[in-house]
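Quick mapping for you: the protein sequence lines, in order, are chains A and B. Numbering-wise, the first sequence is residues 1 to 209 according to full-length UniProt numbering. Numbering-wise, the second sequence is residues 1 to 209 according to full-length UniProt numbering.
Number of protein chains: 2
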Amino acid sequence: MEPNTEEKIKAAAARLFTTRGFAATRTRDIAAEAGINLALLNYYFRSKENLYRIIMAENFQVFFRGALQIFQNQETGVQEKISLLVDYYIGRLLENPDIPSFVINELRTNPNALIQQAGMHEALKDTNIFSQISQYLEDRGSDMEPVHFILNLLGMTIFPFLAAPAFQSALGLEKEQFSQLLAQRKKLIPVWIDAIINANSLKASTHTS
Amino acid sequence: MEPNTEEKIKAAAARLFTTRGFAATRTRDIAAEAGINLALLNYYFRSKENLYRIIMAENFQVFFRGALQIFQNQETGVQEKISLLVDYYIGRLLENPDIPSFVINELRTNPNALIQQAGMHEALKDTNIFSQISQYLEDRGSDMEPVHFILNLLGMTIFPFLAAPAFQSALGLEKEQFSQLLAQRKKLIPVWIDAIINANSLKASTHTS
DNA sequence: GTCTATAAAGTGATAGAC
DNA sequence: GTCTATCACTTTATAGAC
Chain A
1 MEPNTEEKIK AAAARLFTTR GFAATRTRDI AAEAGINLAL LNYYFRSKEN
51 LYRIIMAENF QVFFRGALQI FQNQETGVQE KISLLVDYYI GRLLENPDIP
101 SFVINELRTN PNALIQQAGM HEALKDTNIF SQISQYLEDR GSDMEPVHFI
151 LNLLGMTIFP FLAAPAFQSA LGLEKEQFSQ LLAQRKKLIP VWIDAIINAN
201 SLKASTHTS
Chain B
1 MEPNTEEKIK AAAARLFTTR GFAATRTRDI AAEAGINLAL LNYYFRSKEN
51 LYRIIMAENF QVFFRGALQI FQNQETGVQE KISLLVDYYI GRLLENPDIP
101 SFVINELRTN PNALIQQAGM HEALKDTNIF SQISQYLEDR GSDMEPVHFI
151 LNLLGMTIFP FLAAPAFQSA LGLEKEQFSQ LLAQRKKLIP VWIDAIINAN
201 SLKASTHTS
């Protein structure tokens, strides 16, 4: 029940690193947040950087692993996968809203971070998300580039979490109200995505008729 | 022609603060990047924090002012404004791709940053972007929430810049290639946005017929 | 395993010469 | 205005007692 010292430190580090970033986080603050001592943190994790790498890897897992698993399933079609993906991301990110910002910031300041993640790069290739989507778009008579499709899907899904502080500040909304808005999008985004594909194929058929 | 010392410091500070963030940037590094001395930086700007505020304000200007000006124009309709907005953002951000990440990060770690920007909060209210879009959606027979519309528009436009490092890393693309992809979106996004609105109103008319 | 005390290096800012 | 030298403080990491 009661988490051990190592777990307490990791939980504290996750909170602080994820919200403040590496440079702005003090190891003293992590220790205090964990209710232990600075020396003990180094006893368990040897260095700030080492502890950071562990938290970073876990955040990356949350961010990428779910998407990969959904697309690895051979039983479901792409349309279903899209709904599952949107549902998964919005659900997870409502629990940890700071993760997208953390991951994006990390990838900007250290573009090799993704490659360094164990097996991440291979998994991305093996899952052939790209060709699945490419085939799906083709079947539906759309000539949209798969990259654009993915950017639209992720943009509609993830961007609201990144923009949440700005929107809350600009619109004077409470965190809870904005969360409800984002939850609505679980069902809306698949419909919108569909509309974009349809528009694209309708246009094509208009030209040929 | 030759920029004076103050300008050189500001340019160096903009580069480093924008890419690394406040905490990870060393005043010594700014001085070196500007080709001057640490003492001189404090002679001109008194403190690191003061210099940061100036750079932050300028980044916020790039990020918000253009959108506000477009929506303040009474001559153009919303549909045209959307095209102008997408064109403006993608153009500006191709020049300064790190600004979205900077602004978002800043607003996350300091939610009051936006409010502290001179006149920004008032300008946002005065421009009544919200009611303009609300009216536009109504006229087109769509029952979409304006917030969702704005989130979709900005998500499709800005998210790709945030995700650029991840995509370049995952797809093995060069920066230049990805920039070309993003430039294509200037013309594509307005079409997609239109499709989303249409889908929404078609659905409504299907129900009533 | 956990603590206190401290070493070692980094970092923002200023004094004072030119 | 611009520089070198240095202060004052913070921060990571470790030594050593319990």
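For every residue, glycine included, the Cβ atom is placed at its ideal position computed from N, Cα and C. Keep in mind it's a predicted model, so treat the numbers as computed, not measured.
Three-state secondary structure assigned by DSSP to residue i
i	result
residue 287(A)	Nothing can be reported for residue 287(A), as the shown portion of chain A is limited to 1 through 209.
residue 210(B)	Given that chain B is displayed from residue 1 to residue 209, the structure contains no residue 210(B) and the question cannot be resolved.
D98(A)	coil
G91(B)	helix
D194(B)	helix
T109(B)	helix
A183(A)	helix
A199(A)	helix
D143(A)	coil
E174(A)	coil
E75(A)	coil
E2(A)	coil
I189(A)	helix
Cβ distance (whole Å) where residue i is taken to contact residue j below 8 Å
i	j	result
I158(B)	P100(B)	5 Å
R20(B)	T109(A)	6 Å
L162(A)	A166(B)	Not really, about 13 Å apart at Cβ, beyond 8 Å.
L60(B)	L51(B)	With the sequence shown as reference, residue 60(B) is identified as Phe, and Leu is not the correct amino acid for it. At roughly 15 Å, the Cβ-Cβ gap does not stay under 8 Å, so F60(B) and L51(B) are not in contact.
N152(B)	M156(A)	6 Å
T18(A)	F71(A)	Actually they are not in contact, since the Cβ atoms of T18(A) and F71(A) sit about 25 Å apart, beyond 8 Å.
V62(B)	K186(B)	About 17 Å separates the two Cβ atoms, so there is no contact after all.
V147(A)	L181(B)	6 Å
S131(B)	I197(B)	With a Cβ gap of about 17 Å, S131(B) and I197(B) do not count as contacting.
I82(B)	A183(B)	No, I82(B) and A183(B) are not in contact; Cβ-Cβ is about 17 Å, not under 8 Å.
I36(B)	A13(B)	Rounded, the Cβ-Cβ distance is 12 Å, inconsistent with contact.
A195(A)	A195(B)	5 Å
Alpha helix (DSSP H) segment containing residue i, residue limits
i	result
D139(A)	I129 to D139
T19(B)	T5 to R20
S169(B)	P146 to L171
Q69(A)	G66 to Q72
R26(B)	Per DSSP, R26(B) belongs to no alpha helix (DSSP H) and is neither H nor E.
residue 275(A)	In this structure chain A extends from 1 to 209, so residue 275(A) is not present and cannot be described.
Spatially closest choice to residue i from the options, by CA coordinates
i	options	result
A66(B)	N152(B), I55(B), L84(B) and L51(B)	Note on residue identity: the sequence assigns Gly, not Ala, to residue 66(B). The shortest C-alpha separation from G66(B) is found at L84(B).
L173(A)	E75(B), L154(B), P111(B) and F102(B)	P111(B)
L40(B)	T18(B), E7(B) and F64(B)	E7(B)
L16(A)	P3(A), A34(A) and M1(A)	A34(A)
T127(A)	V78(A), A164(A), I36(A) and N96(A)	V78(A)
residue 210(A)	F149(A), A123(A) and R92(A)	The first residue shown for chain A is 1 and the last is 209, placing residue 210(A) beyond what the model contains.
A23(B)	P3(B), E49(B), A12(B) and A32(B)	E49(B)
I55(B)	Q168(B), D194(B) and I9(B)	I9(B)
R92(A)	D139(A), S179(A), S47(A) and K81(A)	S179(A)
K125(A)	S169(B), D139(B) and E75(B)	S169(B)
A57(B)	E80(B), M120(B) and Q177(B)	M120(B)
K175(B)	N96(B), T27(B), L114(B) and I82(B)	N96(B)
S201(A)	A11(A), W192(A) and D139(A)	D139(A)
T76(A)	D194(A), V191(A) and I129(A)	I129(A)
A123(B)	Q116(A), L171(A) and L137(A)	L171(A)
Y136(B)	M1(B), I193(B) and F64(B)	I193(B)
Y64(B)	A164(B), L38(B) and Q117(B)	Here residue 64(B) is Phe; the residue named in the question, Tyr, does not match the sequence. Closest option to F64(B), Cα to Cα, is Q117(B).
A164(B)	L114(B), D98(B) and N105(B)	D98(B)
Any non-hydrogen atom of the ligand GTP within 7 Å of residue i CB
i	result
K8(A)	The ligand GTP is absent from the structure shown, which contains no ligands of any kind.
Interface residues of the region 100-123 of chain B facing chain A [CB-CB below 7 Å]: Going along the region 100-123 of chain B in chain order, one finds S101, I104, N105, L107, R108, T109, P111, L114 and I115 with a Cβ nearer than 7 Å to chain A.
Near-chain B residues of the region 139-162 of chain A (beta-carbon distance less than 9 Å), N- to C-terminal order: The region 139-162 of chain A vs chain B, Cβ under 9 Å: M144, E145, V147, H148, I150, L151, N152, L154, G155, M156, T157, I158, F159, P160 and L162.
Contact set between the region 47-65 of chain B and chain A, restricted to residues whose Cβ is under 8 Å from the partner: Of all residues in the region 47-65 of chain B, none has a Cβ within less than 8 Å of some Cβ in chain A.
Under 9 Å (Cβ pairs) to chain A, residues found in the region 65-94 of chain B: Going along the region 65-94 of chain B in chain order, one finds no residue with a Cβ nearer than 9 Å to chain A.
Within 8 Å of chain B by C-beta, residues of the region 163-192 of chain A in sequence order: Per Cβ criterion, the list reads A163, P165, A166, F167, Q168, S169, A170, L171, L181, Q184, R185, L188, V191 and W192.
Cβ-based contacts, 8 Å cut-off: residues of the region 19-50 of chain B near chain A: Those residues of the region 19-50 of chain B that come within reach of chain A (Cβ to Cβ, closer than 8 Å) are T19, R20, G21, F22, A23 and A24.
Contact set between the region 1-21 of chain A and chain B, restricted to residues whose Cβ is under 9 Å from the partner: Under the 9 Å Cβ criterion, the region 1-21 of chain A contributes T19, R20 and G21.
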